[in-house]
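Chemist: Just so you know, the sequences run in chain order A and B. Sequential numbering of the first sequence, starting at 1, is according to our numbering. Sequential numbering of the second sequence, starting at 479, is according to our numbering. Note that beta-carbon positions come from the ideal geometry of N, C-alpha and C, so glycine has one too.
2 protein chains.
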Amino acid sequence: MAEKEKRVEAITAMDQDFTQWYTDVVLKAELIDYSAVKGCMILRPYGFAIWENIQSNLDRQFKATGHENVAMPMFIPESLLQKEKDHVAGFAPEVAWVTQGGNEQLTERLCVRPTSETLFCDHYARIIQSWRDLPKLYNQWVSVVRWEKTTRPFLRSTEFYWQEGHTAHATAAEANEETLRMLGIYADFYRDYLAIPVIPGQKTEKEKFAGAVSTYTIEAMMHDGKALQSATSHYFGDGFARAFNIQYTDRSNQLQYVHQTSWGLSTRSVGAIIMVHGDDSGLVLPPRVAPIQIAVIPIAAHKPGVLEKATAIANQLSQCFRVKLDTSDKQPGWKFSEYEMKGVPLRLEVGPRDLENNQALAVRRDTGAKQAVSLDGLADSLQVLLDEIHDNLYTRALQNRDSRIYQAADWDEFTGLIAGKPGFVKAMWCGDPACEAKIKDETGATSRCLPFDQTPVAEHCVCCGRPAEHLVIWGKAY
Amino acid sequence: MAEKEKRVEAITAMDQDFTQWYTDVVLKAELIDYSAVKGCMILRPYGFAIWENIQSNLDRQFKATGHENVAMPMFIPESLLQKEKDHVAGFAPEVAWVTQGGNEQLTERLCVRPTSETLFCDHYARIIQSWRDLPKLYNQWVSVVRWEKTTRPFLRSTEFYWQEGHTAHATAAEANEETLRMLGIYADFYRDYLAIPVIPGQKTEKEKFAGAVSTYTIEAMMHDGKALQSATSHYFGDGFARAFNIQYTDRSNQLQYVHQTSWGLSTRSVGAIIMVHGDDSGLVLPPRVAPIQIAVIPIAAHKPGVLEKATAIANQLSQCFRVKLDTSDKQPGWKFSEYEMKGVPLRLEVGPRDLENNQALAVRRDTGAKQAVSLDGLADSLQVLLDEIHDNLYTRALQNRDSRIYQAADWDEFTGLIAGKPGFVKAMWCGDPACEAKIKDETGATSRCLPFDQTPVAEHCVCCGRPAEHLVIWGKAY
Numbered sequence: 001m002a003e004k005e006k007r008v009e010a011i012t013a014m015d016q017d018f019t020q021w022y023t024d025v026v027l028k029a030e031l032i033d034y035s036a037v038k039g040c041m042i043l044r045p046y047g048f049a050i051w052e053n054i055q056s057n058l059d060r061q062f063k064a065t066g067h068e069n070v071a072m073p074m075f076i077p078e079s080l081l082q083k084e085k086d087h088v089a090g091f092a093p094e095v096a097w098v099t100q101g102g103n104e105q106l107t108e109r110l111c112v113r114p115t116s117e118t119l120f121c122d123h124y125a126r127i128i129q130s131w132r133d134l135p136k137l138y139n140q141w142v143s144v145v146r147w148e149k150t151t152r153p154f155l156r157s158t159e160f161y162w163q164e165g166h167t168a169h170a171t172a173a174e175a176n177e178e179t180l181r182m183l184g185i186y187a188d189f190y191r192d193y194l195a196i197p198v199i200p201g202q203k204t205e206k207e208k209f210a211g212a213v214s215t216y217t218i219e220a221m222m223h224d225g226k227a228l229q230s231a232t233s234h235y236f237g238d239g240f241a242r243a244f245n246i247q248y249t250d251r252s253n254q255l256q257y258v259h260q261t262s263w264g265l266s267t268r269s270v271g272a273i274i275m276v277h278g279d280d281s282g283l284v285l286p287p288r289v290a291p292i293q294i295a296v297i298p299i300a301a302h303k304p305g306v307l308e309k310a311t312a313i314a315n316q317l318s319q320c321f322r323v324k325l326d327t328s329d330k331q332p333g334w335k336f337s338e339y340e341m342k343g344v345p346l347r348l349e350v351g352p353r354d355l356e357n358n359q360a361l362a363v364r365r366d367t368g369a370k371q372a373v374s375l376d377g378l379a380d381s382l383q384v385l386l387d388e389i390h391d392n393l394y395t396r397a398l399q400n401r402d403s404r405i406y407q408a409a410d411w412d413e414f415t416g417l418i419a420g421k422p423g424f425v426k427a428m429w430c431g432d433p434a435c436e437a438k439i440k441d442e443t444g445a446t447s448r449c450l451p452f453d454q455t456p457v458a459e460h461c462v463c464c465g466r467p468a469e470h471l472v473i474w475g476k477a478y
Numbered sequence: 479m480a481e482k483e484k485r486v487e488a489i490t491a492m493d494q495d496f497t498q499w500y501t502d503v504v505l506k507a508e509l510i511d512y513s514a515v516k517g518c519m520i521l522r523p524y525g526f527a528i529w530e531n532i533q534s535n536l537d538r539q540f541k542a543t544g545h546e547n548v549a550m551p552m553f554i555p556e557s558l559l560q561k562e563k564d565h566v567a568g569f570a571p572e573v574a575w576v577t578q579g580g581n582e583q584l585t586e587r588l589c590v591r592p593t594s595e596t597l598f599c600d601h602y603a604r605i606i607q608s609w610r611d612l613p614k615l616y617n618q619w620v621s622v623v624r625w626e627k628t629t630r631p632f633l634r635s636t637e638f639y640w641q642e643g644h645t646a647h648a649t650a651a652e653a654n655e656e657t658l659r660m661l662g663i664y665a666d667f668y669r670d671y672l673a674i675p676v677i678p679g680q681k682t683e684k685e686k687f688a689g690a691v692s693t694y695t696i697e698a699m700m701h702d703g704k705a706l707q708s709a710t711s712h713y714f715g716d717g718f719a720r721a722f723n724i725q726y727t728d729r730s731n732q733l734q735y736v737h738q739t740s741w742g743l744s745t746r747s748v749g750a751i752i753m754v755h756g757d758d759s760g761l762v763l764p765p766r767v768a769p770i771q772i773a774v775i776p777i778a779a780h781k782p783g784v785l786e787k788a789t790a791i792a793n794q795l796s797q798c799f800r801v802k803l804d805t806s807d808k809q810p811g812w813k814f815s816e817y818e819m820k821g822v823p824l825r826l827e828v829g830p831r832d833l834e835n836n837q838a839l840a841v842r843r844d845t846g847a848k849q850a851v852s853l854d855g856l857a858d859s860l861q862v863l864l865d866e867i868h869d870n871l872y873t874r875a876l877q878n879r880d881s882r883i884y885q886a887a888d889w890d891e892f893t894g895l896i897a898g899k900p901g902f903v904k905a906m907w908c909g910d911p912a913c914e915a916k917i918k919d920e921t922g923a924t925s926r927c928l929p930f931d932q933t934p935v936a937e938h939c940v941c942c943g944r945p946a947e948h949l950v951i952w953g954k955a956y
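Below is the structure:
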């Protein structure tokens, strides 16, 4: 009976109801559980392990580029949050406030950090004195809280997990360079680890971060054609430095303000993995961040030698891969559907007939293709297969995305595409916030970014017909 | 000028004012900065790196013993905190309360987690149904908040960092075994990574965790003779399971309550490192968690070949060790005192004369001993030296501690020792909480633990003279 309950049930088909499909996947693949706190998710072991793999790979790259980890408090006194005017205006409406500590009423409210610029600035003002103290290249891995009305696991939750980098530099040029360097690291990470193509670009004034001079973004397209802002990197100029009085003595003994950046990537990236690669059988995980890369499943495990050999193979593969050997008494078919639901990139079936032939059967999650693999040089063969799966996932996502990037030269074409074709629309813009606002109001599409590749698709603004200034990627977004 | 400011200033001598010495060290070794939030510390890169090394080593051991990481929300609704009566009584007076989200007043207050038993139990009640779901061996690395009146960096802060393991088992025996297994992992970790000897034992009823059946602890002695509770492991029986209705169907199809544990080790461990190994020149770090294990310092760096050779040596050593090559233009003497203050286990001086002799000069932080080391087989020689430093730190700490563990057979002897000799006192106890309370009230010493080694030192309670039930380690504590 217990086994029956355990069998993975069918999930809603993507094309039937994408939202329900997403919810089914995050629950049935055991990524999350809902918690007692509205809008806060519990990351279960399988979900958290994906995030751990993202963390360890990114953290290595941050450290290789000279960044150091620190830990700031989770609370921000209200007066500190208010020091930079644009910043507080952007965040104050959506923060959680601590007003009591123990039995006492606090004289000043503390907000639970929605982001930590103000804390880093307050610290930088104390520790930066001389040009010798620069640059400061700090990062922290923490959770932050934003009081959201409507929430969805990974995509928008009251509490979410991320890293936030905060750096201070002697010059504007250095800070700008850092901002773009980190955007590049994010874009490469999405391509090389998550197998997701992204479009890098700049946010418009309307869409930029509260307090930034300029915000850069990478935008990915989900399976339903919607955009997901996948990571951002901000250049602050000396705005925060002036508000927090972060000054240093330069080599000529002159007082100067520092120039700053911040950049972040969050558990939204797990949402991107689900919505870019997943299918009607559940999750499909890119191998380089999959908690289990290879599931080894004995077939006819009661036959002599099978269990021993499967165990030996699993132990050997564990030297190079994240491996799960499943010796439970469930039927193989049930195991297959469980690892399919969990998106394990490769399943390795080990049965009596395979062993007679000194081979095992490798089954790819991305294509379903089965192939016999010799036990001689098995690890090398499986590494090749995992790399092929990564490349195939990326290529498939890229084709999917590119087939749904459209161009519009005028308003009718634009509104027709936005209403009728899920995807991105490339269209020109005059630069007037009024046009941007009108597009959002009338179509529901927002400016995702001004892509770095600014090859024009027309001469006039798609909204007002005036001469165009920028190429913009438009789309509906999560 | 800037260089002068940079020079590490002298710190207060330990014997003159231990408290001020501690504060000087945490600030001048750049472990922490005070933050804008009272009682919350900022972990600076050097301080956080020690914690990262503690984390990665412990996390590996947790995983090797079958534990999985998860992430629970940072908030606990008031009603959830109140489900287990002893637990809420213990924690409610010292939590921070969120009462507003955005612009709205919350209908139910949320506390910022002081510990997460209630969240894990709420989750376990949903995901545990059958004996097949057990055991659940979960852990999380997070910060928690306790509204403390008096705070000190690492030792007692409003927000602090820790890991909290929470497990659920089919039987009491399994849960008890887990409780002691994790205590053993903590004790071994303190010995093998932090070079700190600890006394494992059980807490009295008065000192146990709110909601636990039994609490186990490891107690370390600081340089000033005071005790530091260094990690704890709790056995809960089925108390939480009954309060949260966490039941499973056993193999005979009967409903049973699970038996639970929790266990934690925090950034207090960094405080222990400081106060066990530090000296009047600053920090002394045990090599296995030191952020920099070897500081390579070129001497007469302008002489031909020195800088190149020092760089080559540092690069080579970086394959095996955490190495810092310091090529800044500060005087070597200033560099020496900086790395002494930061407790770097080994300094490697590379000068022209050394190079002529195909050697470098290794200087130990723990003893100050200098020795020429051949560049042939350098990494192996330094590994031996680092292991010797670890062993020496441990032996020194053990001798220090053991020389200050006293025995008392009667009240006069006991009070004389507690008042006159900083350290631990072994003395017998009748088991009556009234005696425990009287000892605390009249001497300031608390029962640190009932050590596992219960070899008696007398026959009667040191307080009331009635027949003794237990040997207790008494001491003043942080």
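1) Quick one: what's got a C-beta closer than 6 Å to residue 631(B)'s C-beta in the same chain, skipping five residues either side?
2) At the 8 Å Cβ level, is residue 122(A) part of the contact set with chain B, yes or no?
3) Would you mind working out which of 700(B), 552(B), 879(B) sits nearest residue 624(B), comparing C-alpha positions?
4) Whose C-beta lies closer than 7 Å to the C-beta of residue 76(A) among residues of the same chain, with five residues either side of it excluded?
5) Taking one C-beta from the region 746-754 of chain B and one from the region 521-532 of chain B each time, how about it: are there three or more such pairs within less than 8 Å?
6) Taking 8 Å as the threshold (C-beta atoms), are residue 710(B) and residue 642(B) in contact?
7) Less than 8 Å between CB atoms is the rule here; does residue 736(B) satisfy it with respect to chain A?
8) The alpha helix (DSSP H) that contains residue 747(B), what's its start and end?
9) For residue 764(B) versus residue 771(B), is the C-beta distance shorter than 8 Å?
10) Buried or exposed, going by whether 16 or more other CB atoms sit within 10 Å of the CB of residue 657(B)?
11) Measure the Cβ-Cβ separation of residue 606(B) and residue 646(B) and say whether it is below 8 Å.
12) With a Cβ-Cβ cutoff of 8 Å, do residue 504(A) and residue 295(A) count as a contact?
13) In its own chain, which residues sit with a C-beta less than 8 Å from the C-beta of residue 733(B), not counting the 5 before and 5 after it?
14) Can you give me the C-alpha to C-alpha distance between residue 6(A) and residue 722(B), rounded to a whole angstrom?
15) Between the region 39-71 of chain A and chain B, which residues of the former have CB atoms less than 7 Å from a CB of the latter, in chain order?
16) Under 8 Å, do residue 69(A) and residue 140(A) count as touching if we go by C-beta distance?
17) Is the beta carbon of residue 471(A) closer than 8 Å to that of residue 204(A)?
18) Can you have a look at residue 782(B) and say buried or exposed, based on whether 16 or more other CB atoms are within 10 angstroms of its CB?
19) Find the nearest neighbour of residue 742(B) within the set 708(B), 679(B), 761(B), 719(B), judged by alpha-carbon distance.
20) Any C-beta of chain A sitting closer than 8 Å to the C-beta of residue 804(B)?
21) Could you check what DSSP says for residue 346(A) in three-state terms: helix, strand or coil?
22) By how many angstroms is the C-alpha of residue 549(B) removed from the C-alpha of residue 644(B)?
23) Taking beta-carbon pairs under 7 Å, can you tell me which members of the region 142-173 of chain A lie near chain B?
24) Pick out the complete beta strand (DSSP E) segments inside the region 780-853 of chain B, 3 residues or longer, and give them in chain order.
25) Tell me the DSSP secondary structure of residue 60(A) in three-state form.
26) Mapping DSSP to helix, strand and coil, what is residue 166(A)?
27) Just curious, the beta strand (DSSP E) that residue 191(A) is in, first and last residue?
28) So that I know if they touch, is there some Cβ in chain B lying closer than 8 Å to that of residue 243(A)?
29) What are the start and end residues of the alpha helix (DSSP H) that includes residue 601(B)?
30) For the region 895-906 of chain B against the region 833-851 of chain B, are there 3 or more C-beta pairs whose distance is under 8 Å?
31) I need the straight-line Cα distance from residue 418(A) to residue 192(A), nearest angstrom please.
32) According to DSSP, simplified to helix, strand and coil, what is residue 480(B)?
33) Going by DSSP, what residue range makes up the alpha helix (DSSP H) through residue 87(A)?
34) Among the residues of its own chain, which have a CB less than 7 Å from the CB of residue 438(A), if the five just before and after it don't count?
35) Does residue 481(B) pass the burial test, meaning 16 or more other C-beta atoms within 10 Å, or should it be called exposed?
36) Can you tell me whether residue 479(B) is buried or exposed, with buried defined as 16 or more other CB within 10 angstroms of its CB?
Modeler: Let me lay it out:
1) 504, 510, 519
2) yes
3) 552(B)
4) 110, 111, 113, 118, 119
5) yes
6) no
7) no
8) 746-755
9) no
10) buried
11) yes
12) The requested residue 504(A) does not occur in the structure, where chain A is confined to residues 1 to 478.
13) 725, 726, 727
14) The predicted model places residue 6(A) with a pLDDT of 46, which falls under 50 and marks its position as unreliable, so this point remains unresolved.
15) 40, 42, 43, 44, 45, 48, 52, 68, 69, 70, 71
16) yes
17) no
18) exposed
19) 708(B)
20) no
21) strand
22) 12 Å
23) 143, 147, 159, 161
24) 801-803, 824-828, 837-842, 848-852
25) helix
26) strand
27) Unbroken run through residue 191(A) is the alpha helix (DSSP H), 172-192; no beta strand (DSSP E).
28) no
29) 595-605
30) no
31) 30 Å
32) Caution applies to residue 480(B), whose pLDDT of 39 falls short of 50 and renders its modelled position unreliable; the model cannot decide the point.
33) 85-91
34) 463
35) Note that residue 481(B) scores a pLDDT of 41, beneath 50, so its modelled location is shaky; the value from the coordinates is reported in the next line. When all chains shown are included, residue 481(B) counts as exposed.
36) The pLDDT assigned to residue 479(B) is 34, lower than 50, so where the model puts this residue is not dependable, and the model offers no usable value.
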